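Shown next, in structure tokens, is the structure this report addresses.
Number of protein chains: 2
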Amino acid sequence: MDRYVSRPVTPPTLADVAEVAGVSRQTVSNAINNPDLLREDTLARVQEAIDQLGYLPNRAARNLRTRASQLIGLCLPRAHEGARSALLDRFVRTLVESSRGAGYHVLLFSTDEDDPFAGYDDLLRSTAVDAFIVPETHLGNDVVEWLMGRRAKFVAFGRPWGNPHATYPWVDIDTAKGSEAATRHLIDRGHTKIAWIGWRKGSVLGEERRLGWARTMHAAGLPMTGLASRVEDIVTSGRAAAEALLDESSPTAFVCATDALAMGVLNALDARGLKVGIDVAVVGYGDSPVSQMVPGGLTTIRQPLEDAAVALVEALESLLSFPPTIAAGLMLEPKLIVRGSS
Amino acid sequence: MDRYVSRPVTPPTLADVAEVAGVSRQTVSNAINNPDLLREDTLARVQEAIDQLGYLPNRAARNLRTRASQLIGLCLPRAHEGARSALLDRFVRTLVESSRGAGYHVLLFSTDEDDPFAGYDDLLRSTAVDAFIVPETHLGNDVVEWLMGRRAKFVAFGRPWGNPHATYPWVDIDTAKGSEAATRHLIDRGHTKIAWIGWRKGSVLGEERRLGWARTMHAAGLPMTGLASRVEDIVTSGRAAAEALLDESSPTAFVCATDALAMGVLNALDARGLKVGIDVAVVGYGDSPVSQMVPGGLTTIRQPLEDAAVALVEALESLLSFPPTIAAGLMLEPKLIVRGSS
DNA sequence: TTGAAAGCGCTAACAC
DNA sequence: GTGTTAGCGCTTTCAA
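Right, here's the structure in full:
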């Protein structure tokens, strides 16, 4: 009586299925892992029992036996400067979906302030994950080297900045190509005085993005002196920088390292009665939600985060297959999204 | 020779530690799980061996034995309407951090288009997680009921909308209180014609937020006719709604169901030459990055997502402790963030 | 093609 | 206090 009401739900085991199907446990195991080995009618009978009981192999037992967890560890980077949060959303969501396709789940973990390796170390030593996805390699945290020292499996989201011939799999977005596309777009529109507003020195990503602008300007034979500015990544700084640049060199277009900075430029232009997209063109970076909310829209650069996530999982699959294969580094290109501001 | 170079890193086991410490395996296990049982010097010796080898219990083995995985499943809701992505970031980040404090990791999974239970079912039947955190109960997906039917452990992020006396633990944010605070704030500022721009009917959350406005207006004896509008949650719709309301009833203030809608209002005011925060006040909802980027800033409602995450983990801890305790439902209040637009 | 035995690494129950 | 024994549920030999 009581058992139907309050019996704790203990999922069926291999043995339960075997009993129902009238075969041995191993045969059930084979039905799941090597169905080819079974005769057709046996397989069908076992399958029926599996369906009837709603059987699914116990993860812990399987993990223990196969020395694999079907789990991929992703360290949630500490809260970023700026509004990079929306990116994380797009990235993680796709990561989870494509991992599922590959038979893996994503395990999230955070890391200690003091010890950046602690989280990785624990998971590794307790064999809790099969591999890691390591984001933000540009920050110069030496997680990658540390993991290699431990012979841990991982795929990096970010090129090997230090040594270009690193022997680990990675996927990255060629961020310089973004500002390059932005600048070329403005040149095509007829602009010749194109200003750059970027991050303070010291950010690898910031320097890369700046490089895209500089490279393109140089190739087009356009002047750059007095047209570059490096500030903190907040709206007010972007605005101040724009004011200064307008006073100094009156550019007709701005390329910015982030959408937040571009918003600052928009504010500055607005305050001066300059019409965005008509008097002065502005391009941001990131395709954050803001860029669509601004009246007329903000031309910006969209990073292929979804593609990156898919590529990372593919690289992970080769890494975890037998024999393991180290996928070649893959560089993806960001995309210019033209809206009203240019 | 070779072994130091390419030997695969097999983490040490309990037996290894036991051997080094010169005790039995069980004693090592006790040293970890019931240290009180050991004599001080034995404990010290075992601890030393543990440190020396860098031992950490194998997860799979422990999970198998204890019938627990120390994993909490979180279903990533499908991409939302609107820019709710930043929320996810704040929420998930805190969730991961406080889970870590409780000895748990967060396992992310997604769900099938067709079968909303599939993801839950798989994890449950394979005993891959100890409990779930179920977001978005307001969407009327009956995940909660399904889980209860399965006697699965979970904590809901969202009150039991259907039956107020549900016997499962939940944490929610009283979203109506947000628009209530926004409206009261505007009344305090001397406004009497306060318009509402919300979502189309059918959204539980949307109706709640509207209720906050209506309730407060009613209590203050202020008129509401011709002052409410329900549109799609995008900037252009917000703008159109604002135009219409301005033409019709010339409100001096707007309360919006989202920041995106508020942005639309800002655009409309701008187009008419009305000064935001001076001629007309505007309040958004969500404290999205946009609200800080707008010149002067957008007054908005901030949801205590971090608090919610912490509370959810606390509820989870009581649920997973022995004996299990079902924490009382907890309602958190959002907070008004006053910026230049009001 | 199917079945029996062994054991992955750990912890719960008991003996010493 | 410490060690011995058993077994969690599964897969991997190896026999039949």
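Taken in order, these protein sequences are the chains called S and F.
Once you know that position 8 of the first sequence is 121 in my numbering, the rest is easy, because the numbers rise by one and skip nothing.
Once you know that position 316 of the second sequence is 429 in my numbering, the rest is easy, because the numbers rise by one and skip nothing.
Ideal Cβ placement from N, Cα and C applies to all residues, glycine included.
Computed from a predicted structure; not experimentally measured.
Backbone CA spacing between residue i and residue j [nearest angstrom]
i	j	result
F151(F)	N143(F)	As written in the sequence, residue 151(F) is Leu, which differs from the Phe given in the question. Taking the straight line from one Cα to the other gives about 7 Å.
T288(S)	A295(S)	11 Å
L299(F)	I310(S)	38 Å
E226(F)	K314(F)	24 Å
E194(F)	S137(S)	A caution first: E194(F) carries a pLDDT of 45, below 50, which makes its placement in the model unreliable, though a value can still be read off. Each residue's Cα considered, the two are about 51 Å apart.
K448(S)	G399(S)	10 Å
G167(F)	N146(F)	17 Å
P190(F)	A424(S)	22 Å
V426(F)	L260(F)	18 Å
A196(S)	C369(S)	Since pLDDT at A196(S) reaches only 44, below the 50 mark, its modelled position is unreliable, and the value read off the structure follows with that caveat. Roughly 14 Å separates the two Cα atoms.
W274(S)	L335(S)	29 Å
P125(F)	V378(S)	57 Å
I185(S)	T412(F)	40 Å
V141(F)	V403(S)	56 Å
A441(F)	L432(F)	11 Å
E419(F)	A128(S)	44 Å
S401(F)	L200(F)	8 Å
L187(F)	G271(S)	27 Å
Residue i, DSSP secondary structure in three states
i	result
M337(S)	coil
P436(F)	coil
G195(S)	Caution applies to G195(S), whose pLDDT of 45 falls short of 50 and renders its modelled position unreliable; the value that the coordinates give is listed next. G195(S) falls in the coil class under three-state DSSP.
F204(F)	helix
P148(S)	helix
R264(S)	coil
G186(S)	strand
L425(F)	helix
P124(F)	coil
V403(F)	helix
A375(F)	helix
H251(F)	helix
H304(F)	coil
H218(F)	strand
A136(S)	According to the sequence displayed, residue 136(S) carries Val and not Ala. Note: V136(S) maps to coil in three-state DSSP.
R328(S)	helix
Neighbour list for residue i in chain S, Cβ cutoff strictly below 7 Å
i	result
A241(F)	R172
E74(F)	For chain F, the structure presents residues 114 to 455; residue 74(F) sits outside this window and is missing.
M376(F)	M406
A373(F)	M406
N380(F)	P408
Where residue i falls, given that 16 or more other Cβ within 10 Å makes a residue buried
i	result
D202(S)	buried
M376(S)	buried
F204(F)	buried
R172(S)	buried
Q139(F)	exposed
F267(F)	buried
D372(F)	buried
K290(F)	buried
V451(S)	exposed
Q405(S)	buried
Q165(S)	exposed
R180(F)	exposed
M330(S)	buried
P148(S)	exposed
N276(S)	exposed
Sheet register partners of residue i (DSSP bridge)
i	result
T413(F)	I450(F)
D285(F)	M444(F)
A173(S)	Answer by DSSP bridge pairing: none, since A173(S) is not bridged.
S342(S)	I310(S)
I163(F)	Paired residue(s): none; I163(F) is not in a bridge.
V395(S)	F367(S)
I246(F)	L187(F) and V268(F)
V130(F)	Answer is none; V130(F) lacks a bridge partner.
V389(F)	V393(F)
Neighbour list for residue i in chain F, Cβ cutoff strictly below 8 Å
i	result
L220(S)	L184, H218, V219, L220 and L221
L169(S)	D235, R238 and S239
S401(S)	P402
Neighbouring residues, chain F, relative to residue i (Cβ below 7 Å)
i	result
L177(S)	A173, A174 and L177
Partners in chain F for residue i, counting only beta-carbon separations shorter than 9 Å
i	result
P124(S)	L237, R238, S239 and T240
Closer than 7 Å: residue i CB and nearest the ligand PLP heavy atom
i	result
M376(S)	Inclusion of the ligand PLP in the displayed structure is not the case, the ligand content being empty and no account of it being possible.
Partner residues on chain S for residue i, Cβ-Cβ distance less than 8 Å
i	result
P189(F)	The question names Pro, yet the displayed sequence has Leu at residue 189(F). The answer, in chain order, is V205, R206 and V209.
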